[in-house]
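Take a look at the structure set out below.
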Amino acid sequence: MRGSLAKACVLYATIEECDTEGRLLRACQVIHEEYANAGLVLEKDAREQLKMHATTMNMRHKKGNQNMKMKINTFDARGIVEQFGAED
Numbered sequence: 004m005r006g007s008l009a010k011a012c013v014l015y016a017t018i019e020e021c022d023t024e025g026r027l028l029r030a031c032q033v034i035h036e037e038y039a040n041a042g043l044v045l046e047k048d049a050r051e052q053l054k055m056h057a058t059t060m061n062m063r064h065k066k067g068n069q070n071m072k073m074k075i076n077t078f079d080a081r082g083i084v085e086q087f088g089a090e091d
């Protein structure tokens with residue numbers, strides 16, 4: 004995670020596969036490769052290693068007045084990370 008946990012905008016969790024065969028990761032890699040081959044992925048992103056994660060909280064999608072330019076709010080993620088741990 005980048006930045007300050009005290010002023011987080013996004014919080015995500017790493018996905019752990021239940022099996023040892025890595026089927027979920029392989030399936031995601033195949034999908035990613037097909038998107039890249041179809042030109043739907045930026046070249047710089049196509050070279051990046053796939054990072055499987057689940058976004059648990061994202062303040063950019065908070066409901067608000069769409070007519071006003073909204074300031075992105077933050078939240079304090081320290082308690083969540085303290086209780087459940089962090090994966091870097």
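Just so you know, we're using the working numbering here: the sequence shown kicks off at 4 and counts up by one.
Think of the CB as a built atom: it goes at the ideal place given N, C-alpha and C, for glycine as much as any other residue.
In this text, all values refer to a predicted model and were calculated from it rather than measured experimentally.
- Judged by pairs of C-beta atoms under 8 Å, the stretch 45–55 touches the stretch 16–30, as three or more such pairs exist.
- Remark: C-beta atoms of CYS12 and THR77 approach each other more closely than 8 Å.
- As DSSP reads the structure, LEU14 sits in a beta bridge with MET60.
- Here ARG63 is not near LEU8, since their CB atoms are 8 Å or more apart.
- Beta-bridge partners of PHE87 (DSSP): none assigned.
- Boundaries of the alpha helix (DSSP H) around LYS47: 46–49.
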